[in-house]
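Undergrad: Count along the sequence shown from 1, add 11, and you get the number used in the working numbering.
Every residue, glycine too, gets a C-beta built ideally from N, C-alpha and C.
Let me begin by handing over the structure; questions about it come next.
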Amino acid sequence: MPIYAYKCESCGHTKDVLQKMSDAPLTDCPQCGAPAFKKQLTAAGFQLKGSGWYVTDFRGGGGATAVPPVSGGEAPVAADSKPAEPAGKAAAAPAAAPAPAPAPSGPTKAS
Numbered sequence: 012m013p014i015y016a017y018k019c020e021s022c023g024h025t026k027d028v029l030q031k032m033s034d035a036p037l038t039d040c041p042q043c044g045a046p047a048f049k050k051q052l053t054a055a056g057f058q059l060k061g062s063g064w065y066v067t068d069f070r071g072g073g074g075a076t077a078v079p080p081v082s083g084g085e086a087p088v089a090a091d092s093k094p095a096e097p098a099g100k101a102a103a104a105p106a107a108a109p110a111p112a113p114a115p116s117g118p119t120k121a122s
């Protein structure tokens with residue numbers, strides 16, 4: 012269930028509420044009782060990590076090089092999470108050679 016941020020336009024009281032998406036929005040302020048409790052627009056509470064996302068691979072337009080985030084608002088990394096591999100380590104591995112094409116099977120005509 013998502014957490015919604017609410018703010019009273021009358022007294023300024025703010026509150027985060029865990030609600031189902033199908034629940035009706037709250038309207039009455041729990042502090043002053045005024046019917047001015049409005050849902051706030053907030054940023055998403057997650058960040059996509061790793062390669063393959065627009066922010067890391069494609070935003071700079073320079074190919075598959077990683078681009079650091081524009082703002083300094085990186086989410087803290089959990090202690091049990093595995094650190095990302097350095098960009099140079101993956102690029103240093105040699106590319107595998109393509110498999111040879113199979114020989115044509117079947118009789119050939121002699122002219």
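On a Cα-Cα basis, can you pick out the residue from Gly-23, Phe-69 and Gln-30 that is closest to Cys-43?
TA: As a working note, residue 43 is residue 32 in the sequence shown. Nearest of Gly-23, Phe-69 and Gln-30 to Cys-43, Cα basis: Gly-23.
Undergrad: Assign Asp-69 to one of two classes, buried (16 or more other C-beta atoms within 10 Å of its C-beta) or exposed (fewer than that).
TA: Position 58 of the sequence shown, counted from the start, is the residue given in the question as residue 69. Correcting the residue type first, residue 69 is Phe in the shown sequence and not Asp. Looking at its Cβ environment, which holds fewer than 16 other Cβ atoms inside 10 Å, Phe-69 is exposed.
Undergrad: Take every Cβ of the stretch 48 to 62, pair it with every Cβ of the stretch 14 to 22, and state whether three or more of those distances are shorter than 8 Å.
TA: Touching, yes.
Undergrad: Roughly how many whole angstroms lie between the Cα atoms of Ala-45 and Asp-27?
TA: On the sequence shown, position 34 is the one that residue 45 refers to. On the sequence shown, position 16 is the one that residue 27 refers to. Roughly 17 Å separates the two Cα atoms.
Undergrad: When DSSP labels each residue in this structure, what does Asp-27 get in the three-state scheme?
TA: Along the sequence shown, one-based indexing puts residue 27 at 16. Here Asp-27 sits in strand by DSSP.
Undergrad: CB-CB under 6 Å to Gln-30, same chain, minus the five flanking residues each way: which ones, in chain order?
TA: For the purposes of this step, residue 30 is taken as residue 19 along the sequence shown, with counting starting at 1. Same-chain partners within the cutoff: Tyr-15.
Undergrad: In three-state DSSP terms, what is Phe-2?
TA: Outside the displayed range of the chain (12 to 122) lies residue 2, so it cannot be described from this structure.
Undergrad: DSSP beta-bridge partners for Tyr-15?
TA: On the sequence shown, residue 15 is found 4 positions in, with the first residue counted as 1. Note: Tyr-15 sits in a beta bridge opposite Val-28.
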